[in-house]
Amino acid sequence: MVVHSLDRFYVTNITQRTHNTFDADGCCLDIAHAGGAYNDIAYSNSLEALDANYNKGRRVFEIDFLVTTDNKIVLGHDPFKGDMTAQEYLSVRTETGLTRMGLDDLLLWLDIHKDAQIITDTKNDFEVFFTIFIDSVPKDVVQRNFIFQTYNFDQLDNLNNLQEQYRLILTIYKMRTSDEYLIKHFQHRQYSYALTIPEQRAYRLAKEIKKVMPDKNTYVHGRVSRINSSFRQNVLRNLGINGFYIE
46 MVVHSLDRFY
56 VTNITQRTHN
66 TFDADGCCLD
76 IAHAGGAYND
86 IAYSNSLEAL
96 DANYNKGRRV
106 FEIDFLVTTD
116 NKIVLGHDPF
126 KGDMTAQEYL
136 SVRTETGLTR
146 MGLDDLLLWL
156 DIHKDAQIIT
166 DTKNDFEVFF
176 TIFIDSVPKD
186 VVQRNFIFQT
196 YNFDQLDNLN
206 NLQEQYRLIL
216 TIYKMRTSDE
226 YLIKHFQHRQ
236 YSYALTIPEQ
246 RAYRLAKEIK
256 KVMPDKNTYV
266 HGRVSRINSS
276 FRQNVLRNLG
286 INGFYIE
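According to the numbering used here, the sequence shown is numbered sequentially starting from 46.
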């Protein structure tokens, strides 16, 4: 299906409801993208964004992580320009004046907000990020608070094969493969994991995913100006999507 003009696409009139329980059945899981917007500022991954969106009742947060030159993990959306240590990064506020956070700061926040769920996204090599992360975070906190996004089938399989039984998402935005290849390999993996797909690809893939894997939770991300649209969310919900990364 190609959707060029959404105003010509028939959508069942649905009252949009959201929930905050990862792995729950049905639509729609509300995922606060990059910690959620704060004062109309998106992608900040800041303390202010986490606090404000938690206080609104949101509980599932996608967070962007960066690895610094001294092998520390900090929260941030855009890769560094040049080398930067964690101390250098955290010593200044964002360009919009918000508070930057390191992994230790996030763990302190989670100690207070124990019911918050963090979906990881990293702009660095996933294996490097994961190794540092696992060495830095207590096992009980990993199990209680974190869901790992993986970026290809090998990463997904490798984490699934570990005895810790992590909660996993396969996100396909970095995968340059055909829809047919993806569907085939989705079906071959019978263990528990969720999917995240880009909005533009979701119009083609969503129905086929639900046909071959009706119980597979599938979430959609996209540009702020598009994915925040309740109309587009209803279109995708009708196609079987279970939730959205929204600001």
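By construction, the Cβ of each residue, glycine as well, lies at the ideal position given by its N, Cα and C atoms.
Looking at the unbroken beta strand (DSSP E) that takes in V119, where does it start and where does it end?
I118 to L120
Does the beta-carbon of S91 have 16 or more other beta-carbons within 10 angstroms, so that it is buried, or is it exposed?
buried
Answer yes or no: do E107 and L143 have a C-beta to C-beta separation smaller than 8 Å?
no
At the level of alpha carbons, what is the spacing between A161 and V257?
31 Å
Quick one: give me the first and last residue of the alpha helix (DSSP H) that V280 is part of.
S275 to N283
With 16 other CB atoms within 10 Å as the buried threshold, where does Y264 fall?
buried
Can you tell which of R271, N206 and E253 has its C-alpha closest to the C-alpha of F198?
N206
For the alpha helix (DSSP H) that E93 lies in, which residues bound it at each end?
L92 to N100
Tell me which same chain residues have a C-beta within less than 7 Å of the C-beta of F178, skipping the five on either side of it?
Beyond the five residues adjoining it in sequence on each side, F178 comes within less than 7 Å, by CB distance, of I118 in the same chain, given in chain order.
Beta-carbon gap between L120 and D109 smaller than 8 Å
yes
Tell me which residue opens and which closes the alpha helix (DSSP H) that Q188 is part of.
K184 to N190
Which residues in the same chain as Y236 place their Cβ atom closer than 6 Å to its Cβ, once the five residues preceding and following it in sequence are excluded?
The answer, listed in chain order, is N205.
How do the region 128–145 and the region 165–180 stand: do at least 3 beta-carbon pairs fall below 8 Å, yes or no?
no
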